[in-house]
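Here the sequence shown is numbered in the working numbering, starting from 659 and rising by one per residue.
For each residue, glycine too, the CB sits at the ideal point set by N, CA and C.
This structure is a prediction, so every number in the text was calculated from the model and none was measured.
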Amino acid sequence: MNARMPRGWIVTVVAVALAASAVAPAAAQRRGLDDPIDPARVLASIDRAVSYLKRQQKPSGGWDDGVANPGGISSLATLALLEAGIEPDDSTVSKGLEYIRRFPPEKTYVVALQTMALQAATPRRDRLQIEKNARWLEKAQAKDGEFSGGWSYSEARGMADPSNSQFAVLGLYAAQEAGVKIDPEVWRRAGAYWRKRQNRDGSWHYTSSDRASGSMTCAGVGAMVIIGMAAGEADATVDDNGAVLCCQPQKEDESVERGLAWLGRNFAVRGNPVGRKISENWHYYYLYALERAGRLTAQRFIDQHDWYREGTEYLVREQDPLTDAWRGGVSEPDATITTSFSLLFLAKGRRPVVMAKAKAPEGEDLRAWAQHRRDAAHLVAAAETAWDLPMTWQAIDASKANVEDLSMAPVLYASGAAATAGLTAQGKKLRDYIDKGGFVFVESPCDSGRSASRADIERLVVAMFPEPDYRLRQIEPSHPLWRMERLVRPDSPYVGSLWGVEYGCRTCVVFCDRDLSCYWELDAKPRAGDYPDDVKRRIDDARTVGLNVLAYASNREPRGKEQQFVEQATRLEFDAAGQRGLIEIAKLRHAGGCNDAPGALANLLRAASESDAKLSVAPTPVEVAADDPALPLRHFAFTHGRRDFRLSAEERAALGEYLTNGGTLLADAICASSEFQKAFRREVAAALPGARFEQIPADDPLLSPAFGGYDVRLVSIRDPQPTADDQPLAARTRRRAPVLEGIQIDGRWAVVFSPYDLSCALEQHEAVQCRGYSKEDAARIGLNVLLYSINQ
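Below you can see the structure in the form of structure tokens.
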């Protein structure tokens, strides 16, 4: 797969306030940090590392490889640049690829790294070289004796070691991902090698005379996960008669869990844990292996340690401010190697988490929550291919996670009755997660007593939404979920099997009453080509539903992990006297859907208090009718809707008086509803006889930073595009002047109306079928109008 992370994702303050997960300043103080890391520093660190590696390239196209492994360091540096998002046609990378192609397969490290770089860059062009390397690695594996299943430095028989062996596994897996078939016996022998070498306490060592180390334990954990994936181990299978067998007995192999437990007990990022000490030996080599162990096992936390956060904080602070490199100890004197390992940690570790899978809390039956253990991994791999974007997933214990933890992933996925019941106990927390833009996806596996029933899901929905307005309903045929990424076939078994909860601008809960996870589990490259046609078709149907859900929930824009490095702005503290001195905002009530995007105004107010302006805004708006005596007490009012409505004569008169006496009204049509546009213009015209709407010009001070806001003279507007019935939904985003209408009274804008959507974007949902603004620009426009009203 030729997919790399897009670069330069530096978000605005407002976007962070609305969308990014946060960690409280007190948490930073507890860590003893006086210079908190933010997303910009992480991305800048990556950029500086890229610049360093580019500067070290020699005219030949390679780097200083030394004599032991010619082509090895050059392959490592090229791989690091590719994983950091540098394209294959970049001059540095292109020259590096040409250079490393010169080396025939002779040394294990070099062959593995060369294969990984070629697969990451140009797998089709280099297919023959990749296959040649794979055959060499197969041949070089020890076939018998004490070291059976391992690799040494070269093809010559000798003492295999876990370091060469982990790179051989990485190289073979890269070749398999490029389409090369690997002998299953190679994976079987490799698995036996790593199991045999694991210590009783779960750790691994380099040789039997060495103490256990973090670097080798991470190598063992990563190798075991890769071997399982590569060998096609699964909890579902297809028998000789072509029948699909779901929820099969799971093989007991606790090697990975035992390895992770040792790492948790001995966790460190400031050095390589060796025995009971922290060593500087092979420190950066260890960090690269730590990234792999954490990412491949889908763990955000190893024991209580957020491995990516802690490792990134360390690396960003330890990067040399003059050279942009990282300097290792005696065992790692080469800055090209240490910088490449560091860059691989930062770049690969920050892959966006597109989905979190609910896992069993400690003490509960793990299998009951995960009938198919590789379902999420295979679905995310399909999304990576479809979107040409490296992503990952995480397993999460919702009982321990807070809302910020959950919000790292746009989708929380649960499979089966036990997981559904477990989430039901977390209903309030999940509601907060949904209010921050999250999405809950539940499926019913196995078609047995372990399946999640409609009644199970309805209990979960009530726990999240006590209000009777929000209940499970069948997803209509016109819903984007049927064609968001790919069209669901009319005769697919999943047609009619999706149920959802509509909340605000979007569907926020989806339940599939047929098994999806079984067929995601079967969707593995080593086996998929051998299935009968009807099984392949069912797998494709399940994949399509899963991709559509991920695309709908994330808008194909999951956030990189560096976004967790956002210090939460100090929350307003309200005194017992009733929040004196705060700006209170009115929310105008009407019958046209004034609460159809309930999170929009709340998020705008949060942005106002957390933005550079630091406005003292009450976090909860006051909902009033137009003729409520409380309306004139608020200087600023907001409303939105999607349907027709009519105000009474008294409401029209009161609204006109409010606007004439200095009040400001901001409104938008949810999802650019033409019905609401017409109704809003009619009612405001009736409230202000003789007044007329006019286009707010792009050079108006309202759209500038003149009042302490933002320059929104150019914004990103999403415009739905017509597509054929068998094509996915699509939208084109263009930079242009905002489309805003207003009514002026005595030279000021008393009414500001957006016929395009603001509210769905403020709810963190940029619906592809809705004409509207990006999340960032919706927040900026709202803040500008609020600041404008305050300064009048």
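Integer-rounded CB distance, given that residue j should sit under 8 Å from residue i
i       : j       : result
Ser733  : Ile758  : 5 Å
Ile1439 : Pro1396 : 6 Å
Leu1273 : Tyr1316 : Not a contact, Cβ separation roughly 21 Å.
Thr955  : Val914  : 6 Å
Leu1037 : Gly1218 : The pair is not a contact, with the Cβ atoms about 20 Å apart (cut-off 8 Å).
Val1463 : Lys1245 : The shown model of the chain, from 659 to 1450, leaves out residue 1463, and the question about it has no answer.
Phe1294 : Gly1250 : About 20 Å separates the two Cβ atoms, so there is no contact after all.
Val896  : Val1193 : 6 Å
Arg1185 : Gly890  : 5 Å
Tyr710  : Asp982  : 4 Å
Ser1212 : Val1012 : 6 Å
According to DSSP, residues forming a beta bridge with residue i
i       : result
Met1013 : Trp1051
Asn1206 : DSSP output for Asn1206 lists no bridge partner at all.
Glu631  : A query on residue 631 cannot be resolved here, the shown segment of the chain reaching from 659 to 1450 and no further.
Phe1294 : Ile1243 and Thr1322
Ala1327 : Gly1299
Leu903  : Thr895
Leu1156 : Cys1170
Asp819  : Trp809
Thr1165 : Glu1160
Glu1101 : Ser1073 and Cys1170
Asp1415 : Gly1430
Val1410 : Leu1324 and Gly1400
Ile936  : Pro931
Arg1394 : Val1373
Val1275 : Ile1241
Gly1132 : This sequence places Gln at residue 1132; Gly is not what is there. Gln1132 pairs with Trp1157.
Delimiting residues of the alpha helix (DSSP H) encompassing residue i
i       : result
Trp852  : Pro842 to Arg855
Ile1092 : Gly1085 to Asp1093
Lys790  : Arg785 to Ala798
Asn930  : First-last for Asn930: Asn930 to Val932, but that is the beta strand (DSSP E), not the alpha helix (DSSP H).
Ala1436 : Lys1433 to Ile1448
Val883  : Gly872 to Ala888
Trp1045 : Asp1033 to Trp1045
Ser1332 : Ser1332 to Ala1345
Phe1003 : Ala993 to Gly1007
Ala709  : Checking the sequence, you will find Ser at residue 709 rather than Ala. Pro697 to Gln714 is the span of the alpha helix (DSSP H), which, as asked, contains Ser709.
Ala836  : First-last for Ala836: undefined, no H or E at that position.
Tyr862  : Rather than Tyr, the amino acid found at residue 862 in this sequence is Trp. Trp862 -> no alpha helix (DSSP H), and no H or E assigned at all.
Trp920  : Ser913 to Arg923
Cys1176 : Ser1175 to Leu1180
Leu1118 : Arg1112 to Met1122
Glu1062 : Val1061 to Leu1064
Arg1025 : Leu1024 to Trp1027
Pro1184 : Lys1183 to Ala1186
Beta-carbon spacing of residue i, residue j below 7 Å
i       : j       : result
Thr1082 : Arg1117 : yes
Phe1338 : Ala1330 : no
Arg1392 : Ile1375 : yes
Arg1089 : Thr1050 : no
Thr773  : Ala832  : yes
Met1122 : Gly1085 : yes
Trp794  : Ser861  : no
Arg975  : Val932  : no
Leu1002 : Glu796  : no
Glu1179 : Ala892  : yes
Phe999  : Tyr942  : yes
Trp1157 : Leu1130 : yes
Arg1201 : Ala1040 : yes
Leu619  : Gly1367 : This structure cannot settle anything about residue 619, because the visible part of the chain is limited to 659 through 1450.
Cys1166 : Phe1097 : yes
N-terminal and C-terminal residue of the beta strand (DSSP E) that residue i is part of
i       : result
Ser810  : It is not in any beta strand (DSSP E) - Ser810 carries neither H nor E in the DSSP assignment.
Leu1070 : Val1069 to Ser1073
Val1282 : Val1280 to Val1282
Glu1268 : Here Glu1268 belongs to no beta strand (DSSP E); instead the alpha helix (DSSP H) covers Gly1257 to Glu1268.
Residue-chain proximity (residue i, chain D), Cβ-Cβ < 7 Å
i      : result
Tyr946 : Going by chain labels, chain D is absent from the structure shown, which holds only one protein chain.
Uninterrupted alpha helix (DSSP H) stretches inside the stretch 726-767 (no shorter than 4 residues)
730-741 and 749-758
request  = Tell me the start and end of each unbroken beta strand (DSSP E) in the stretch 949-981 that is at least 3 residues and wholly inside, in chain order.
outcome  = none
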